[in-house]
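What follows is a single structure, written as C-alpha cells, with notes after it.
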Amino acid sequence: MPTTTQPRSERALVESGVKDVLRVTDERTGRTYEIPIQDGAVRAMDFRKIKEKDDDFGLMLYDPAFLNTASCKSRITFIDGDKGILRYRGYPIEQLAESCTFLEVAYLLLYGELPTADEYKEWTHNITFHTMLHESTKKFMDGFNYDAHPMGILVATVGALSTFYPEARNIQDPEIRKQQIHRLVAKMPTIAAFAYRHSRGLPYAYPDNDLSYTENFLSMLFRMTESRYAANPVLARALDVLFILHADHEQNCSTSAMRGIGSSHTDPYSAVAGAAAALYGPLHGGANEAVLTMLAEIGSKGRVPAFVKDVKEGKGEKRLMGFGHRVYKNYDPRARIIKKIADEVFEVTGKNPLLEIAIELERIALEDDYFIKRKLYPNVDFYSGIIYQAMGFPTSMFTVLFAIARTIGWMVQWEEMLLDPEQKIARPRQIYLGPRERAMFPLEKRDA
Ligand code: ACO
Numbered sequence: 006m007p008t009t010t011q012p013r014s015e016r017a018l019v020e021s022g023v024k025d026v027l028r029v030t031d032e033r034t035g036r037t038y039e040i041p042i043q044d045g046a047v048r049a050m051d052f053r054k055i056k057e058k059d060d061d062f063g064l065m066l067y068d069p070a071f072l073n074t075a076s077c078k079s080r081i082t083f084i085d086g087d088k089g090i091l092r093y094r095g096y097p098i099e100q101l102a103e104s105c106t107f108l109e110v111a112y113l114l115l116y117g118e119l120p121t122a123d124e125y126k127e128w129t130h131n132i133t134f135h136t137m138l139h140e141s142t143k144k145f146m147d148g149f150n151y152d153a154h155p156m157g158i159l160v161a162t163v164g165a166l167s168t169f170y171p172e173a174r175n176i177q178d179p180e181i182r183k184q185q186i187h188r189l190v191a192k193m194p195t196i197a198a199f200a201y202r203h204s205r206g207l208p209y210a211y212p213d214n215d216l217s218y219t220e221n222f223l224s225m226l227f228r229m230t231e232s233r234y235a236a237n238p239v240l241a242r243a244l245d246v247l248f249i250l251h252a253d254h255e256q257n258c259s260t261s262a263m264r265g266i267g268s269s270h271t272d273p274y275s276a277v278a279g280a281a282a283a284l285y286g287p288l289h290g291g292a293n294e295a296v297l298t299m300l301a302e303i304g305s306k307g308r309v310p311a312f313v314k315d316v317k318e319g320k321g322e323k324r325l326m327g328f329g330h331r332v333y334k335n336y337d338p339r340a341r342i343i344k345k346i347a348d349e350v351f352e353v354t355g356k357n358p359l360l361e362i363a364i365e366l367e368r369i370a371l372e373d374d375y376f377i378k379r380k381l382y383p384n385v386d387f388y389s390g391i392i393y394q395a396m397g398f399p400t401s402m403f404t405v406l407f408a409i410a411r412t413i414g415w416m417v418q419w420e421e422m423l424l425d426p427e428q429k430i431a432r433p434r435q436i437y438l439g440p441r442e443r444a445m446f447p448l449e450k451r452d453a
C-alpha cells in the first residue's frame, strides 16, 4: 500500500492547493512521496528521505556539470536562453548598453538600482580613489618572464593583493567588503595595463584619475611620452559598452568558482584569482582569444566551408569557437550588440580583415543543419575579439579585458552568496565507483 512520507503540515498545504507538489513513487518500495515545488524547482535534500531501507543514505541527484541544478537564488541577472534575453536587475541589456556607462551599470549590479547624479559622482570618486597599485606590486610583476601571458600575470597579481590588504579576510564586515569591492573594480584595469606594458617592455603608466574608467585604462595601456593620453572617444565608448556586456552573466563557470571559493570564507582577492583562472579557459572567457586563432587558421573566406566540414566531422573534438552556449539556445543578445559596435569601431580603425571570414562563418553555420539542430549561435566572444584586435589589443589581452569587466559581477555574486542565510560551504556529493575496501600489502610483499 503506497504511503506518503511528507510531513503533515506540508501535506495540508498541498491539499489546500497553496503549494505545487511533485508526486513520485519509488518502485523499489512502493512508497509515494510528495515533494514541494517552489519557484519551478524541487529541493535536492527532499529526495534524501527516499530510501530503500531505513539505514540507506537516501537518494542523491546526479548532475555532472550542473546541467539542471540551481545552486542559489539570485536577484542580480536574468537570462532567458531560449528567447535570447539578458537583463541586469530587471533592465534589458540593450537599454543599458545604449544609455549607460560601465560604472553606472557596475553601481546598478552592486546596489540594485541605477545611481542618481550624486550617487554616481560619489561612486566614481570611490573607484577612482583606488586605482593605484602598491609599488611593491610592480616589483612582483617585474619578476614575470617577458613573454608571460597577461592572463597568468593577472591571476597571480590579483591573488597577491590579499597580502597587501590582510583586513580583507574580515568578510563579515560590510564596510570592509565594500572597500575591497571598490579596490578590485578600480585596480583590475591597472593590473591589466601593467601586465600589457610588461609584455611590451614598456614602463608602467600610472592612472590618470581625471579620466573616465575606460579612458584611464586606455591611457595606462597606450600612453607614451605625451603628458596626457587622449583616447579616441568612439573607441573609449565602444570599450565601455563591451565592459557593460561582460559585467555579469549569472551562474557561469567563473562566477560559480567565485561563489564556491568564497563559500569557504577566503578573502575576495584569492577568490577573484580563482574566478579569473576559471575564466582563462578556452571554453569560457578564453574563447575570444581562441576565435581569433581560429579565424587566422581559416585564413580566407573561401576556406570557410572546408573548416565547417572539419568541425562537423570532428564530432565535438574540433569546435567552432565563439559558437554555442550552455544557456543561450538562440542568438546571444550580447553578440548582436557587439556586431553593431563593430561597425562604429571599424569606421575609426579601418576594417579588420578577419571580419569577412567571421561573417561568412556565421552565415554558413546558421544555414547548416548541424548547427541548427544543436541550436548553436554566435556567443559574446565571436565578434568581441575582432573589435579588440582592431583597437590595437594583442590577442593575449582579450580575456584580460573580459576579467576587468566581470570583476564587478564576481564581487556582487560573492556578496549575495555571503548574505544568503541558505548558503554554506559549497561541497558537492559524489557517486563512488572505485574499489571496495581491500587489504594493503607492504611493498616487499607485492607481486611484480
Ligand atoms: N562547435 C561545434 N559543435 C559544438 C559547439 C561548437 N562551438 N558547441 C557545442 N557543440 C555541439 C557538441 O559537440 C554537442 O554535439 P552532440 O550533441 O552531437 O554531442 C552539442 O553541440 C552540445 O554541446 P555541449 O558540449 O553538450 O554543450 P555545453 O553546453 O556543454 O557547452 C560551450 C557549451 C562550452 C560554450 C560549447 O558550446 C563550446 O565549447 N563552445 C565553443 C567555446 C566558446 O565559444 N565558449 C564561450 C562561451 S561564452 C562564455 O563563456 C563567455
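Residue numbering for the sequence shown follows the numbering used here, beginning at 6 and increasing consecutively. By construction, the Cβ of each residue, glycine as well, lies at the ideal position given by its N, Cα and C atoms.
Name the DSSP bridge partner or partners of Ala46? Gln43
- Task: For Gly86, verify whether its CB is less than 8 angstroms away from any heavy atom of the ligand ACO.
- Result: no
inquiry  = Quick test of your reading: Asp474 and Val405, contact by CB under 8 angstroms. State the CB separation rounded to the nearest angstrom.
reply    = Residue 474 cannot be examined here, being either before or after the span of the chain that is shown, 6 to 453.
Comparing alpha-carbon positions, which option in Arg174, Asp44, Ile392 lies nearest Pro273? Arg174
query: According to DSSP, is Ile55 helix, strand or coil?
result: coil
For the ligand ACO, I want to know if Gly63 counts as a neighbour, meaning its beta carbon is within less than 8 angstroms of at least one of the ligand's heavy atoms. no
query: Quick one: Cα of Tyr170 to Cα of Glu365, how far?
result: A straight-line Cα-Cα distance of about 49 angstroms links Tyr170 and Glu365.
Taking Cβ to Cβ, would you say Gly95 is nearer than 9 angstroms to Pro338?
Taking C-beta atoms as the reference points, Gly95 and Pro338 fail to come closer than 9 angstroms.
With a CB to CB cut of under 8 angstroms and the five nearest residues on each side skipped, what residues in its chain are close to Leu113?
Tyr93, Arg94, Tyr96, Leu101, Cys105, Leu119, Pro120
- request: Could you round the C-beta distance between Ile98 and Leu250 to whole angstroms and report it? I think they count as a contact, below 8 angstroms.
  value: 7 angstroms
**Asked** Where does Leu91 sit, in a helix, a strand or coil, going by DSSP?
**Response** strand
Which first and last residues belong to the beta strand (DSSP E) in which Phe83 is found? From DSSP, the beta strand (DSSP E) with Phe83 extends over 82-85.
_I want to check one thing, is the minimum distance from the CB of Met326 to the heavy atoms of the ligand ACO below 8 angstroms?_
yes
Under the criterion of a Cβ to heavy atom distance below 8 angstroms, does Tyr375 qualify as lining the ligand ACO? yes
Contact between the region 408-428 and the region 59-79 is defined here as three or more beta-carbon pairs at a separation below 8 angstroms; is this criterion met? yes
> Sorry if obvious, but does the Cβ on Ala454 come closer than 8 angstroms to a heavy atom of the ligand ACO?
Replying inline: There is no way to answer for residue 454, as the model of the chain reaches only from 6 to 453.
On the CB-based measure, 16 or more other CB atoms within 10 Å of its CB, does Lys323 come out buried or exposed? exposed
What residue range is occupied by the uninterrupted alpha helix (DSSP H) comprising Asp1?
-> Outside the displayed range of the chain (6 to 453) lies residue 1, so it cannot be described from this structure.
**Message:** Taking the straight line between their C-alpha atoms, what separation do you get for Lys2 and Glu109?
**Reply:** Summary: the structure shown does not reach residue 2, with the chain confined to residues 6 through 453, and so no result is reported for it.
Report whether the distance from the Cβ of Ala70 to the nearest heavy atom of the ligand ACO is below 8 angstroms.
yes
State the CB to CB distance for the pair Arg129 and Thr195, rounded to an integer number of angstroms; the pair is presumed to be in contact (CB under 8 angstroms).
-> This sequence places Thr at residue 129; Arg is not what is there. Thr129 to Thr195, Cβ: 16 angstroms. No contact.
Neighbourhood of Tyr393 by C-beta distance below 6 angstroms, restricted to the same chain and skipping five residues each side: Phe403
inquiry  = Give me the DSSP bridge partner(s) of Phe328.
reply    = Under DSSP, Phe328 forms a beta bridge with Pro383.
Beta-carbon proximity list for Tyr209, same chain, < 7 angstroms, skipping 5 on both sides: Lys143, Phe199, Arg202
| request: Report the option in Leu27, Asp60, Lys56, Asn73 whose CA atom is closest to the CA atom of Val332. | output: Closest option to Val332, Cα to Cα, is Asn73.
In angstroms, rounded to a whole number, what distance separates the CA positions of Asp147 and Gly164?
16 angstroms
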